[in-house]
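For what it's worth, the UniProt record's numbering labels the leading residue of the sequence shown as 1, then goes sequentially. Glycine included, C-beta positions come from ideal geometry on N, C-alpha and C. Since the structure comes first, as structure tokens, the remarks are kept for the end.
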Amino acid sequence: MLGKQRLQMNQSVCYDLNRIINWQQLLETDIDNEEICIGLREQEQDIRQVLFKSLIKDVSQEIVLEVWHIRATGTSGIGHYVVLLNDGTHLCTCLLLMNKGLICRHFFRVATYSQSAIYHITLISAHWYLKPNINQETLLQQIPAITLCSTNNSDENLPITN
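What follows is the structure, given as structure tokens:
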């Protein structure tokens with residue numbers, strides 16, 4: 001499991017990202033539908049497993065801190081969306097965290113640029129722990145969350161999409 005998680009972290013540097021300021025406009029467009037295809041989507045990490053609209057349809061807009069668009073460097077593919085929420089959690093259109101219990105490369109890439117992206121050990125599914133019976137509440141209280149981004153990235157250095 002550790003090797004798979006390291007692979008996600010290592011591959012995160014191979015992605016370009018843009019912060020979407022007016023992300024609510026994405027709910028009104030059909031850009032997501034361009035990537036619908038036939039095949040085994042669950043086996044491909046760089047194919048969206050869920051549409052952006054579907055990912056956040058049950059999420060209150062007030063709890064969304066930031067939305068990021070991530071695409072493999074040098075490609076013109078549609079890419080993924082990472083949504084950072086105010087409770088320290090995140091959503092990604094690859095669904096790797098939900099489907100396989102691994103934190104995806106897309107989140108790690110966003111975390112290198114955004115101080116709103118918070119990593120906590122409880123993001124990793126308890127079934128991967130050596131002691132799976134450990135109380136998640138205990139972990140939340142005993143182990144502090146960390147941010148991977150240590151500085152404010154200025155707008156001049158980071159491409160922003162409206």
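Beta-carbon proximity list for residue 136, same chain, < 7 Å, skipping 5 on both sides: Here the question's residue 136 lines up with position 136 in the sequence shown. These residues qualify, in order along the chain: 122, 126.
Residue range of the beta strand (DSSP E) that residue 20 falls in? For this step, residue 20 is matched to residue 20 along the sequence shown. DSSP places residue 20 in the uninterrupted beta strand (DSSP E) bounded by 15 to 20.
To the nearest whole angstrom, what separates the beta carbons of residue 15 and residue 73, a pair I think is in contact under 8 Å? By one-based count along the sequence shown, residue 15 stands at place 15. By one-based count along the sequence shown, residue 73 stands at place 73. Indeed, because the Cβ distance is near 6 Å, the residues count as touching under 8 Å.
Which whole-angstrom value is the C-beta distance of residue 18 and residue 69, which I expect to be below 8 Å? Looking up residue 18 in the sequence shown gives position 18. Looking up residue 69 in the sequence shown gives position 69. So it is a contact: roughly 5 Å between Cβ atoms.
Does the segment 107 to 117 come close enough to the segment 45 to 61 to have 3 or more Cβ pairs within less than 8 Å? In short, these stretches do not touch, since the Cβ pair count stays below three.
Assigned exposure category for residue 54 - 16 Cβ within 10 Å defines buried: Within the sequence shown, numbered from 1, the residue matching residue 54 stands at position 54. Exposed, because fewer than 16 other Cβ atoms sit within 10 Å of the Cβ of residue 54.
So, using beta-carbon positions, are residue 56 and residue 82 closer together than 9 Å? As a first step, residue 56 must be located in the sequence shown, where it is residue number 56. As a first step, residue 82 must be located in the sequence shown, where it is residue number 82. Result no, Cβ atoms of residue 56 and residue 82 do not sit closer than 9 Å.
Identify, in the order they occur along the chain, each residue of the same chain with its Cβ nearer than 6 Å to the Cβ of residue 12, setting aside the five sequence neighbours on each side. Numbered from its first residue, the sequence shown carries residue 12 at position 12. Hits under 6 Å: 105, 108, 109.
Whole-angstrom C-beta distance between residue 50 and residue 95, which should lie under 8 Å: Taking the first residue of the sequence shown as 1, we reach residue 95 at position 95. Taking the first residue of the sequence shown as 1, we reach residue 50 at position 50. That belief holds up - the Cβ atoms of residue 95 and residue 50 are roughly 6 Å apart, short of 8 Å.
Around the Cβ of residue 27, are there at least 16 other Cβ atoms within 10 angstroms (buried) or fewer (exposed)? Counting from 1 along the sequence shown, the entry for residue 27 is found at position 27. Residue 27 is exposed by the Cβ-count criterion.
Do residue 140 and residue 119 count as a contact pair if the criterion is CB distance below 9 Å? Translated into positions along the sequence shown, residue 119 becomes position 119. Translated into positions along the sequence shown, residue 140 becomes position 140. Contact flag unset, no.
Residue 70 lies in the beta strand (DSSP E); which residues open and close that run? The count along the sequence shown starts at 1 and reaches residue 70 at position 70. Taken as a continuous stretch (DSSP letters only), the beta strand (DSSP E) holding residue 70 covers 64 to 72.
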